[in-house]
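Chains as they are written, first to last, in my numbering: chain A, 1 to 281; chain B, 1001 to 1481.
The beta carbon of each residue, even a glycine, is placed where N, CA and C say it ideally should be.
Worksheet: the structure to be examined is printed underneath.
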Amino acid sequence: MTGLRKRVTVGFLSIVCLLFISGMLSFFELSHLSRDTGDILKASRRNIELAKEILDAAHNLNVALIHSSVLGERHYDTISRASMRRLEEVWLTAQSEALDKSFLDSLAFAATEMKVLVDNYLSFATTRQEQATLPFTDSLMVGDSLAVDSLAKAAAQLPVGDHWYTEEFEGSYNRLTAAVKAYMTSTQSSLAPRTEQLKKNAYRAVTPVLISLVVMIAIVLMFYYFMTIYCVNPILSMNKSLGAYLSFRVPFGVKAECKDEVLELKEKIETLIGQAAHHKA
Amino acid sequence: MRIDLVLRYVGMVMLFIAAFMLISVGISYASGMDSSFYPLLLSALLTALLGAFPQIFVEKKGQLSTKEGFAVVVGSWLVACIVGMFPYLIWGGEFNLINAWFESVSGFTTTGATILEDIEALPRGMQFWRMSSTWIGGMGVVMFALVILPSMGRSKMTLSSVELSSLARENYNYRTQIIVQILLVVYLGLTLLSTLSLKMAGMNWFDALCHSMSATATSGFSTKNLSIAFYNSPAIETVLILTMAISGIHFGLIYATVTGKRNNIFRSEVTRYYVGILIGAALLITISLFADGLYPTLSASFRHAIFQVTSLMTTSGFATADTNLWTPFAIILLIFVSIVCASAGSTTGGIKVNRLILATKMMAARLQQQRHPNAVIRVRLDGMIQESDTLHTVMVFVVAYFMLILIGALLGTLFGLDLTSAFTGAVACMGNVGPGFGEIGSMNNFAAMPTVMKGVDALLMLFGRLEIFGLIQLFSMKWWR
């Protein structure tokens, strides 16, 4: 015999279980989705920051090299070196943090090319400056230090890098900035498939919950149906039949199909009616 | 109609399906907990919960009436198709609601048509679930469940007689329990034998098991995008031809033959016609293909012709060649065998050879009757006189079958399909064959079908599997009173 209490408990427990499953699934899937979205946004923001820093460092290097090579202001060499170091640092950070390293290939090529060019220029310019002063100093008489100084200053101020800047560096600089812009664009365009994946994840997040809810609705309907035919209907008919018996002495005849407390109740009522009839007789 | 009792039996079938989902979970776990693990586990839990609920509330009471038996069988098929799409829906990928419904119905009705463009992208657990659904459907959702269900007295007989068509029952002279056991023994035996043979022919264990489940159920689901053409192996094709051809024979006759009984396949008129049509069609197509120069040698033409004829006649739908490229004569013959199909009492769908023989004999009897109006002419099948009621049912079935094909083809053309695809699509789905011709040829799939047509074709599959009238009755209000 399956008692009423057990049936009702199982019914409610099933609904609670399904609610719990649906809740846990939505919580798990939505937190997963939220984490994925957060990661994508964070990666995108960081990419933009790094690209901006590379562009700033490249711009500073460019300005310093204009001063140094075109205008002959050699003290800008220190700023050039610092900018180049800064560029390298940012580049290395971008390389270590990038999720998709394939986008960094053209940028790596442009950055390496620029580094070699700038390093060569800076070491070459220093040597040339020294070389430029040597013939004069050799030919000059000892003690004519004023002349040596003025010649060295003139050599240093010569626009020796003008040609180098326009012919070599400018092209490299343009390639680097173009590569940085391409890097920015490509990382942004890589968001599209990841967003598409997010869309799929969102679908996957919602579907199990929807299916659980559909199953829950089916169970609630079955629960309602079973409660109606096994509990509500027999009690109503017993009530009606008992009323008819008390009012008009219509024999108490109720069908109870399940072997549960409702059947016991029906049997007890029948016994009571039987006893009452026996006492009267 | 005692709906609570119907729900109890349908619930038992659902518990049985949940058990197969759990086996697929095990396969997924053994394959390194692939992406189908959680979808299958959740589906198994939900299905088990749905199935267990009525068991707790409804007590075992009385025996099932025939009407209730019908409701249990048709309800079980429908519910199996519904819960069968849970794993697909939860897993996602190419499965949206209609695609999952189509794949699930196609699996359980052993049609073997798919909406998947990349079958190989499915994880192993999901692949196994596809094959499980089709394997359960091959023997019959309810018939399979009856094997493991506890004793149900006369209810078991009612359910089995409803699940088995009247034509299929003819070769069984046993008690219900024995019939169910015979079915299971033959089905399991064929599957195991086929698995071993496919393994020996060069498949890996997983593919061998999946393809043997599919071939025994005459479904045609494959684990490869190119179906059997992927293997390009005469040995594998031979094993599958034999498996499909044997699965197209009445299971009772197979059992009788193996156990040395008198009413075996060699004495069966239906089997003789079935094998005759199969070999005859294969030879005619071979000649047509060779004469057209489609294949360089006669043996190559025969190899492809016999495979495709067996595949379509047994309603399997495996493919080794693109039949769209074949001659019109070959295509017409293939459409013919897709409509006739194999014997009653097998796992195949379609009109079945039994009905074709009876219809032909009835036509001959009619001609004879016109010549001799007072003659008493009996129609016999396998030496048994057929009752006029049986003959009437056969004719009604054939007419209803073609009417449904016509409706399916009409709807297909209405929703933008070309004539070939619309007509052969309806034939393929109604007969639970799988591939048709045109856009849904042997090397294509149903992915590009309009959404409405996917729904229509899934309905045709159910009509075909439930032999039309059972499903119609379920939607009749009067029937429920």
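Looking at chain A, is there any beta carbon in it that lies within less than 9 Å of the beta carbon of B/Phe1251? no
Scan the region 1430 to 1468 of chain B and note each continuous alpha helix (DSSP H) run of 4 residues or more that stays entirely inside, going in chain order. 1451 to 1465
For the alpha helix (DSSP H) containing B/His1211, list its first residue and its last residue. Trp1205 to Thr1216
Whole-angstrom distance between B/Arg1366 and B/Asn1374, CA atom to CA atom: 12 Å
Since B/Gly1416 contacts B/Cys1429 with CB under 8 Å, what's their CB separation in whole angstroms? With a Cβ gap of about 17 Å, B/Gly1416 and B/Cys1429 do not count as contacting.
Pick helix, strand or coil for B/Met1384, following the three-state DSSP scheme. strand
What does the alpha-carbon distance come out to for the pair B/Trp1205 and B/Leu1242? 19 Å
Run the CB neighbour count on B/Phe1020, radius 10 Å, all protein chains shown included, and call it buried at 16 or more, exposed below. buried
Can a CB atom of chain B be found closer than 9 Å to the CB of A/Leu18? yes
B/Met1203 versus B/Gly1248 - alpha carbon distance: 23 Å
Just to check my reading of the structure: B/Thr1114 and B/Asn1445 have Cβ atoms closer than 8 Å, yes? What is that Cβ distance to the nearest angstrom? 5 Å
Could you tell me which chain B residues have their CB closer than 9 Å to the CB of A/Arg35, listed as they occur along the chain? None at all; the shortest Cβ gap to chain B is about 17 Å.
So which residues on chain B does A/Lys290 lean against when the C-beta distance must stay under 8 Å? Residue 290 of chain A falls outside the range modelled here, since chain A spans only 1 to 281, and no answer is possible.
Kindly say whether A/Pro251, judged by its beta-carbon, lies nearer than 9 Å to any beta-carbon of chain B. no
Short of 8 Å Cβ to Cβ, which residues in the region 1092 to 1103 of chain B face chain A? Gly1092
Does A/Lys268 come out as helix, strand or coil in the three-state DSSP assignment? helix
Note down, in chain order, all residues in the region 1064 to 1093 of chain B with a beta-carbon under 7 Å from any beta-carbon belonging to chain A. Phe1086, Leu1089, Ile1090 and Gly1092
With contact counted as at least three CB pairs below 8 Å, one residue from each stretch, are the region 1086 to 1106 of chain B and the region 266 to 278 of chain A in contact? no
Is the CB-CB distance between A/Leu33 and A/Ala94 below 9 Å? no
I'd like the span of the alpha helix (DSSP H) that includes B/Tyr1255, first residue to last. Phe1251 to Val1258
Simplified DSSP assignment, three categories, for B/Thr1110: coil
Cα-Cα separation between B/Ala1201 and A/Gly11, rounded to whole angstroms: 52 Å
What does the Cβ neighbour count give for A/Thr195, buried or exposed, with the cut at 16 atoms within 10 Å? exposed
In the DSSP assignment, find the alpha helix (DSSP H) that holds B/Thr1238 and state where it starts and stops. Pro1234 to Ser1247
Hey, how far is the Cα of B/Leu1193 from the Cα of B/Val1072? 32 Å
Taking B/Pro1054 as part of the alpha helix (DSSP H), name the residues at either end of that continuous run. Phe1037 to Phe1057
Go ahead and label A/Ile48 buried or exposed: buried means 16 or more other beta carbons lie within 10 angstroms of its beta carbon, across all protein chains shown. exposed
Beta-carbon proximity of B/Phe1221 to B/Gly1107, cut-off 9 Å: yes
Closest by CA to B/Gly1482, which one among B/Leu1007, B/Thr1223, B/Ile1179 and B/Asn1432? As displayed, chain B neither begins before 1001 nor continues past 1481, which places residue 1482 of chain B out of reach and without an answer.
Taking 9 Å as the threshold (beta carbon to beta carbon), is A/Val70 in contact with chain B? no
Anything in the region 1285 to 1297 of chain B with a Cβ closer than 9 Å to a Cβ of chain A? List those residues in chain order, please. none
What is the C-beta distance between B/Val1379 and B/Met1362, in whole angstroms, given that I count them as a contact (C-beta under 8 Å)? 6 Å
Tell me whether the region 1325 to 1338 of chain B and the region 1351 to 1361 of chain B touch, counting them as touching only if at least three CB pairs, one residue from each stretch, are closer than 8 Å. no
A/Ala202: which of A/Leu4, A/Glu29, A/Lys6 and A/Leu13 sits nearest, CA to CA? A/Glu29
To which residues of the same chain is B/Gly1011 closer than 6 Å at the C-beta, ignoring the five residues directly before and after it? Gly1051, Pro1054 and Gln1055
Using 9 Å as the threshold, is the C-beta distance between B/Ser1338 and B/Thr1271 below it? no
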